[in-house]
Every structure is written in structure tokens, then in C-alpha cells.
Amino acid sequence: MFAQLLTALSLKNTDSAWQSILSASRLSNLWKSSTGLLSNFYSNVTIGSALQKLGFWVVVILFACLPLPSFTNDKEGLAIILLASAAIWLLGTILGGKERPNTNTIDLLIIAYAGINLIAAASSHYFGESLRGLAKVYVYLIGYFLFSAQISNNWRRRMVLVGVLLGVSTLVSIYGLYQYKIGVAPLATWEDPSIEDKATRIYATLNNPNLLAGYLVPIVPLAGALAMGALARQKWLLSLVPLSIFGLTALATVLTGSRGGYLGLFGGLAFLLLILGSFLWQRRPKLRPWLGTLIVLIPLSLLLAIHFAPTFEHRIMSIFAGREHSSNSYRLNVWLSSLSMFKDNWWIGVGVGNQAFRLAYGLYMRSGFDALGTYCVPLEVAVETGALGLCVFALLVIACLARAHLSFWAPQPTLHRYLTAGAAASLVGLMIHGLVDTVFYRPQVQFIFWLMIALLAKSGDANDEKA
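Residues 1094 to 1560 in the numbering used here are what the sequence shown lists, from first letter to last.
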């Protein structure tokens, strides 16, 4: 029953139908005829394939540049890099490049989400602002289609992109640890001094501890999963690399002092341990005594570590302080105002993007509690695109996690299995962090989110390749 439910939620049974509909559609026929017409003038498989490869390496550059200080505020720069990659890859495809991506029902959900955003923007009272927000959304959705096309049936490219994320995040984390060592001064007031001790919060190159946490939260489970994958293959020395990255990025996330980051980190790692623990419990019965011991030791060790670090204990306990903590009270007020916005605009929302949100929010906000967003991803989606947009977005996340489960338990190379588990845990961590913060909509987090969606959407495509 559970397997049947997951199969239904993954929408895998509809993949063939979607592929048939797409191949027979007028849009597909128009694309084939247009590319065929252009290829009559000039076609070169070698140049086309080279351009497609070049497009991929531009994406690699994009992920390498995500945490650079120059792109912290210059969001257009990252968009230009992505669109340049998409243009290069598309030109290579037109010229006859060999890469032919697979499509599945996840792509249909993305198209539906794009359509809903278009309707919400066109129907908004704040049309100009919504169009600007729509442009940002479409850049990210183009990113998804580009990433999924480039990694389709290509295991090595997946590992290159994940490897770049791990390598760059290691450098960022080391810089953050240096900031902690020297006691870097805060760029803003991030704590409530009435109930918290003053502490150093690192922000590395991103100039915001919450943004740094949002960037690192999805990377920590990836590193942990790859370390476990190397250990499962008895690659003891090789496992030291992702294991070291896991420790550095996890420590840096803790030192950000981001309470949302703590929730995302704990949720992502708990999900990863649940997946891997259940797998080892079933497939490796001899390990059950050790797994039982770890189930006891890990929570106990965490509690002791928190207890003997009073600053972090106070920070964590402030999560449960309710309105006694000014940041909690601020978020509660924003959530209540945003819920009122959703109730009045529940069908198609107020419009796309934070500029449209701010204009509408001014009609609902409580005095003194201005906001750039709802501080809650599901609520933000609901306010901007209505109930229909929220349903499609939720179905997208659920379908990807369901596909991750099916792919994880299917016969496949060990490293494929553990990468799938890591990507799923990263997605869970992102969503949990997104419940209480706005950094999800920053490009440094959005591009990683859509890469995780692409990895999970294509998680069953490369199982025939050796790892």
C-alpha cells in the first residue's frame, strides 16, 4: 500500500503519457520544423556538441560564483550567466548537438507552475512590479530546465556540479571559521539582547548569517551522503574528503547563529539518517546493534553539546520563546498579516515577486512591522500565486521526494543511491528552513533548490552508468 501511494505521488506512471502528448503536440512539431529548417542552412554535430558542453561549463561557473561577494547584491549578474549558458546550449542543440534530454511529468508540473505565475502576474493590481517578479521566477525555471537537460543520463555531470558546490562551500566555510576566530563585528543587530547572550555570528562572503545558513543547509546533507556512500563502497581514504567537508560546513552553519538554519540543518540530517538507517537496517542485519547504539548516542551527544555551549543553548531555546523574543514576535505579526492577504486573494494571489508583495502588504501590515516577504515559503507562494500555485508547488516537492524514495530503493550503483538520498535530504532541509525565513528567494539558495529538484527529477535516468 505504501509503495503504491509513493508511486502515485511520484507521478512516474504518467511519464509515458506526458512524453507521448508532448511529442505529438503542435509546440513540439513547431520546434522540430524550426530546428530542421535552420539545420538546412548550417548543421555541424561536432560544433553543436561542443557548444552544449560549453553551456554546461558555464553552469559550473555559475555555481562556483554563487557565494562571491560581488554577486551578493548584483542578482542580475548570476541571471546573465545562467541565460548565457542556456543560449549557448540551445544554439548547440539547434546545430545538431548530440545531447537529447529526457522529459517526465516533473517538467509538466514546472510548466504548470510557470503558467500559474503568468496568470497571477497578469491579473495583479501591481502589474509592472509583478512582471519584474515574473522575470525572476522564469530565470529560475529556465535554470531547472537547463540543469535537468544537462544532467539527463549523465552521471559525471551530476558529480561535477555537486563537487563544485562542495568545494566552494568548503572555502566559504573556512572563511566563516576565520571570522569566528577573530570575532567579526555584526553588520546589523541580529539578536534580542533582552533574552540572548551577545555572540559572534559568521556570514563569510554573503554578508548575512541567515543567507550563509541558507546556502550551507542543503550542502551539508550532500556531503554527509557522499561520505556514507564512499564508506559503503569501502573507499576509506576517499570518504575523508566529503566527511571533512561535512564537518566544516555543518560547523559553519551552526556558527551562523541562524535559528532557521538550525531547524533546516537538523531536519535535513534527521531525514538523511532516517533514509540511510532504514536502508542499512534492512540490507545489513549485522549492523543493527550498531544502529541501535547510534540511535541513542546521536541525540544524547547533541543534547550534551548544546548544554555545554550556553550561547548556542540560549539561541536554540529562543526558538520556543514565543512573543518574548522580538524576532519571533515580528515573524508572527508578518504571518498573521500575510494570512489576511491570502484570505482576500486566495484564488490567484496578489502578484509575483517581493515588490508586488510589499505594495499589497502595506494594506494589511500591522504598524511598525514592514516586511520584504512572508518569512514562510508556502505562505509566500500562496500569497503571490493563490491556492492553485501553492498546490502545484507542494505537489512538485512531494513528487520529487517520492521519486527519490523509489529511486533510492531501486537496484542501482551505490553512489547513485547515496547521492539521491543526499539530494532528498537537502530538499527537506531547504523546505524546513524556508518555513521561517526569506533567504529561500535569494539566488544563492534558489539555484541550489532547482538543482536539487533537477537531480531528483532525473534520479532514475542514469542508473545504467557506472559509478
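Beta carbons are placed, not taken as given, at the ideal position from N, Cα and C, and that holds for glycine.
- When secondary structure is reduced to three states using DSSP, Ser1552 falls in the coil class, being assigned neither helix nor strand.
- In this structure Val1521 is in contact with Gly1361, their Cβ atoms being roughly 5 Å apart against a cut-off of 8 Å.
- Boundaries of the alpha helix (DSSP H) harbouring Leu1211: 1198-1215, taken from the DSSP string.
- Residue burial annotation: Arg1408 is buried, with at least 16 other C-beta atoms found within 10 angstroms of its C-beta.
- Rounded to the nearest angstrom, the gap between the Cα atoms of Leu1224 and Leu1264 is 37 Å.
- Note on Asp1437: under 16 other CB atoms within 10 angstroms of its CB, so exposed under the neighbour-count rule.
- Assigned with DSSP and collapsed to three states, Thr1349 falls in coil, not helix or strand.
- Looking at the backbone, the Cα of Arg1381 and that of Val1389 are separated by about 13 Å.
- Using a 10 angstroms sphere on the CB of Ala1110, the tally of other CB atoms stays under 16, which defines it as exposed.
- The DSSP-derived three-state label of Ala1480 is helix.
- Sequence-distant partners of Arg1459 (beyond 5 residues in either direction) whose C-beta falls short of 8 Å from its own C-beta, in its chain, are Asn1426, Leu1429, Ser1430.
- Contact check for Leu1239 against Ser1178 passes: the beta carbons are separated by less than 8 Å.
- Counting only the Cα atoms, Trp1124 lies some 38 Å from Gly1307.
- Leaving aside the five residues that flank Thr1346 on each side, the residues in its chain whose CB is nearer than 7 Å to its CB run, in chain order, Ala1306, Leu1309, Val1310, Val1313, Gly1354, Leu1358.
- The shortest CA-to-CA distance from Ile1181 to any of Ala1205, Pro1536, Trp1150, Ser1422 is the one to Trp1150.
- Exposed is the label assigned to Tyr1271, since fewer than 16 other Cβ atoms lie within 10 Å of its Cβ.
- For the set Asp1463, Asp1200, Met1434, the Cα lying nearest the Cα of Ile1546 is the one of Asp1200.
- Here the alpha carbons of Thr1478 and Cys1484 stand approximately 10 Å from one another.
- DSSP places Glu1222 in the uninterrupted alpha helix (DSSP H) bounded by 1220-1244.
- Comparing alpha carbon positions, the residue from Thr1139, Ile1212, Leu1176 closest to Ala1480 is Ile1212.
- Within a 10 Å sphere around the beta-carbon of Asn1122 sit fewer than 16 other beta-carbons, which makes this residue exposed.
- Bounds of the alpha helix (DSSP H) holding Gly1148 are 1138-1158.
- A residue is called buried once 16 or more other Cβ atoms fall within 10 Å of its Cβ, and Gly1276, having fewer, is exposed.
- With a cutoff of 8 Å on beta-carbon distance, Ala1516 and Leu1315 are scored as near each other.
- In the three-state reduction of the DSSP assignment, Ala1292 falls in the coil class.
- For Gln1327, there is no enclosing alpha helix (DSSP H), since its DSSP letter is neither H nor E.
- Its Cα nearest to that of Leu1188, the residue Leu1144 stands out among Leu1144, Asp1167, Asn1197.
- The criterion of a C-beta distance shorter than 8 Å is not satisfied by Leu1336 and Ala1325.
- In the DSSP assignment, Leu1254 falls within the alpha helix (DSSP H) that extends over 1248-1275.
- Scanning Ala1343, Ser1118, Val1232 for the CA closest to the CA of Leu1176 turns up Val1232.
- The alpha carbon of Ala1207 has as its nearest neighbour, out of Phe1401, Gly1236, Asn1195, Leu1299, the alpha carbon of Gly1236.
- With respect to the C-alpha of Pro1162, the residue from Leu1367, Ala1343, Gln1537 having the closest C-alpha is Gln1537.
- Listed in chain order, the alpha helix (DSSP H) elements of length 4 or more contained wholly in the stretch 1382-1467 are 1403-1410, 1419-1437, 1447-1454.
- Between Asp1554 and Asn1303, the C-beta spacing is not below 8 Å.
- Relative to Ala1497, the option among Leu1549, Leu1299, Ser1519, His1509 whose CA is nearest is Leu1549.
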